[in-house]
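Structure first, commentary second.
Numbering (the working numbering), first residue to last: 755 to 828.
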């Protein structure tokens, strides 16, 4: 499973309503080291479609290539 390291601020801060506005607060001391590892283990059989900036397609290589033909190998 590929492990991604995401931005530290995702674990350093939280946002929420305070009165009538959204505020951001720091959750950790300023000198506290952080790490934010993430991975996706959704079984392939449960993924039936993909939503992209170019549209919606089936979750298979050919359908993705229809939306992104520039990635098709000659």
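Ideal Cβ placement from N, Cα and C applies to all residues, glycine included.
Distance between residue j and residue i (C-alpha atoms, nearest Å)
i: residue 822; j: residue 773; result: 45 Å
i: residue 805; j: residue 758; result: 21 Å
i: residue 801; j: residue 813; result: 7 Å
i: residue 825; j: residue 809; result: 16 Å
i: residue 819; j: residue 792; result: 26 Å
Spatially closest choice to residue i from the options, by CA coordinates
i: residue 777; options: 802, 809, 768 and 816; result: 768
i: residue 788; options: 818, 819, 816 and 762; result: 762
i: residue 785; options: 810, 766, 806 and 825; result: 766
i: residue 780; options: 771, 764 and 794; result: 764
For residue i, the three-state DSSP class (helix, strand or coil)
i: residue 772; result: strand
i: residue 766; result: helix
i: residue 815; result: helix
i: residue 827; result: coil
Residue i: first and last residue of the uninterrupted beta strand (DSSP E) it sits in
i: residue 804; result: 803 to 806
Contact with chain C by residue i, beta-carbon distance below 7 Å
i: residue 762; result: Among the chains in the structure shown there is no chain C, since it carries only a single protein chain.
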